[in-house]
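Input: a single structure, listed below in structure tokens.
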Amino acid sequence: MGQKSLDAFFKRP
Amino acid sequence: MFEARLAQGALLKKVVEAIKDLIEDANFDCNNSGFSLQAMDSSHVSLVALSLRADGFEHYRCDRNISMGMKLANLSKILKCAGNDDAITMKSEDNGDTITFMFESPNQERLSEFDLKLMDIDSEHLGIPEAEYDATVKVPSSEFQRIVKDLASIGDTVEISVTKDAVKFSTSGDIGSANIMCRQNKSVDKPEESTEIDINEPVALTFALRYLNSFAKATPLSPHVVLKLSKDLPVVVEYHIPDVGRLGFYLAPK
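Protein sequence lines correspond, in order, to chains E and L.
Just so you know, my numbering puts 21 at position 5 of the first sequence, and the rest follows in order with no gaps.
Just so you know, my numbering puts 228 at position 230 of the second sequence, and the rest follows in order with no gaps.
Here it is as structure tokens:
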């Protein structure tokens, strides 16, 4: 299971 | 000009020791309301957010908003030269390229000054959405530190699951498996030993133990740590620094 990056959660699209 | 004096200088030493292995360099942002930092580790898996309120300092002056880039390893070298009982004053001119740290011993017999060169760091301030969490758990920080350390000797990841009455930490690895359960206990006699659970929805999430162990280096800052969990969202691991502010860590789930 890979580690998700925080960018997906906090960066605005 | 920026000038801030912290009577308990040890607090600044502890903050830097807690984050220096996670982030290499960062901008410290100063404005009227206080001293803050937001930075991600190099792999963008975890984020550190520090805020020290202006009123938590004995003296605080910040004429213009400034951002001071520092390499944490160098900042740590300098702060290690401060005594644990020293007061620490930070000073920097508005367009200065250094920050001065002044250490004063309690009886004022020893005064030392260290200048640290500032650096330009590109950093992006992330908008962290306000969220209502499925579960908030407050446990003694030393207990949390022990749990993540013990579980790391068995596995690489931990599942944290929260129900109304308890929080369970589980892992497994080549040699076997382990789980540690902490029951809710609002101890009145010894508030520092209490475990409190506030839950909207039972939740279970898996995280890398390596990062949680790194966050636990903040243990000396606070008697408790607060874990905020929601399904499919980063966990917040928060240390409240009494009377001064907070150090929060965010970690994406596996």
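Each residue gets a CB set at the ideal place from its N, CA and C atoms; glycine is no exception.
Residues near residue i by beta carbon distance below 7 Å, same chain, minus five either side
i, result
"Gly67 (chain L)", "Asp23, Asn25, Leu116, Met117, Asp118 and Ile119"
"Gln143 (chain L)", "Ala214 and Thr217"
"Ser185 (chain L)", "Glu191 and Ser192"
"Ala85 (chain L)", "Arg3, Leu4, Ala5, Gly7 and Glu102"
"Gln182 (chain L)", "Asp163, Ala164, Thr193, Glu194 and Ile195"
"Phe33 (chain L)", "Ala2, Phe26 and Leu50"
Residue i burial status per 10 Å Cβ neighbour count (16 or more: buried)
i, result
"Ile173 (chain L)", "exposed"
"Cys28 (chain L)", "buried"
"Glu107 (chain L)", "exposed"
"Cys60 (chain L)", "buried"
"Gly18 (chain E)", "exposed"
"Lys27 (chain E)", "exposed"
"His123 (chain L)", "exposed"
"Ala133 (chain L)", "buried"
"Gly125 (chain L)", "exposed"
"Asp230 (chain L)", "exposed"
"Asp39 (chain L)", "buried"
"Ala250 (chain L)", "buried"
Per-residue contacts from residue i into chain E (C-beta, under 9 Å)
i, result
"Ser44 (chain L)", "Leu22"
"Met(-1) (chain L)", "Those do not exist, as Met(-1) (chain L) stays about 33 Å from chain E at its closest Cβ, beyond 9 Å."
Collapsed DSSP secondary structure at residue i in the structure displayed
i, result
"Tyr209 (chain L)", "helix"
"Asp53 (chain L)", "helix"
"Pro189 (chain L)", "helix"
"Glu199 (chain L)", "coil"
"Ile158 (chain L)", "strand"
"Arg62 (chain L)", "coil"
"Ser168 (chain L)", "strand"
"Glu1 (chain L)", "strand"
"Lys115 (chain L)", "strand"
"Lys78 (chain L)", "coil"
"Ser41 (chain L)", "coil"
"Glu128 (chain L)", "coil"
"Glu194 (chain L)", "strand"
"Lys258 (chain L)", "Beyond the ends of chain L as shown, which are -1 and 252, falls residue 258 (chain L); an answer cannot be given."
"Ile173 (chain L)", "coil"
"Ser34 (chain L)", "strand"
"Lys296 (chain L)", "Absent from the model: residue 296 (chain L). The displayed extent of chain L is -1 to 252, so no value can be given."
Beta bridge counterpart(s) of residue i as assigned by DSSP
i, result
"Ala216 (chain L)", "Its beta-bridge partners do not exist; DSSP assigns none."
"Pro240 (chain L)", "According to DSSP, which records beta bridges pairwise, Pro240 (chain L) is partnered with nothing at all."
"Ser110 (chain L)", "L:Phe101"
"Gly67 (chain L)", "L:Asn25"
"Phe247 (chain L)", "L:Val46 and L:Val235"
"Ser90 (chain L)", "L:Phe0"
Cut-off 8 Å between Cβ atoms - residues of its own chain near residue i, not counting five sequence neighbours on either side
i, result
"Pro240 (chain L)", "Ser220"
"Asp92 (chain L)", "Met(-1), Phe0, Asp61, Arg62 and Ile64"
"Phe25 (chain E)", "none"
"Ser74 (chain L)", "Val14, Glu15 and Lys18"
"Lys147 (chain L)", "Asn211 and Ala214"
Proximal residues to residue i (C-beta, below 6 Å), its chain only, five neighbours per side dropped
i, result
"Val165 (chain L)", "Val135 and Cys180"
"Gly153 (chain L)", "Thr169, Ser170 and Gly171"
"His238 (chain L)", "Ser220 and Arg244"
Chain E residues whose Cβ lies nearer than 7 Å to that of residue i
i, result
"Leu231 (chain L)", "Phe25"
"Ala214 (chain L)", "Those do not exist, as Ala214 (chain L) stays about 18 Å from chain E at its closest Cβ, beyond 7 Å."
Chain B within 7 Å of residue i, Cβ atoms only
i, result
"Ala250 (chain L)", "Of the chains in the structure shown, none is chain B; the protein chains are E and L."
Contact list for residue i against chain E, beta-carbon separation under 8 Å
i, result
"Ala202 (chain L)", "Within 8 Å Cβ-Cβ: nothing; Ala202 (chain L) doesn't reach chain E, min ~14 Å."
"Ala206 (chain L)", "Gln19"
"Met38 (chain L)", "Leu22"
Check: residue i C-beta below 6 Å from any heavy atom of the ligand SAH
i, result
"Val14 (chain L)", "No copy of the ligand SAH occurs in the structure displayed, which carries no ligand at all."
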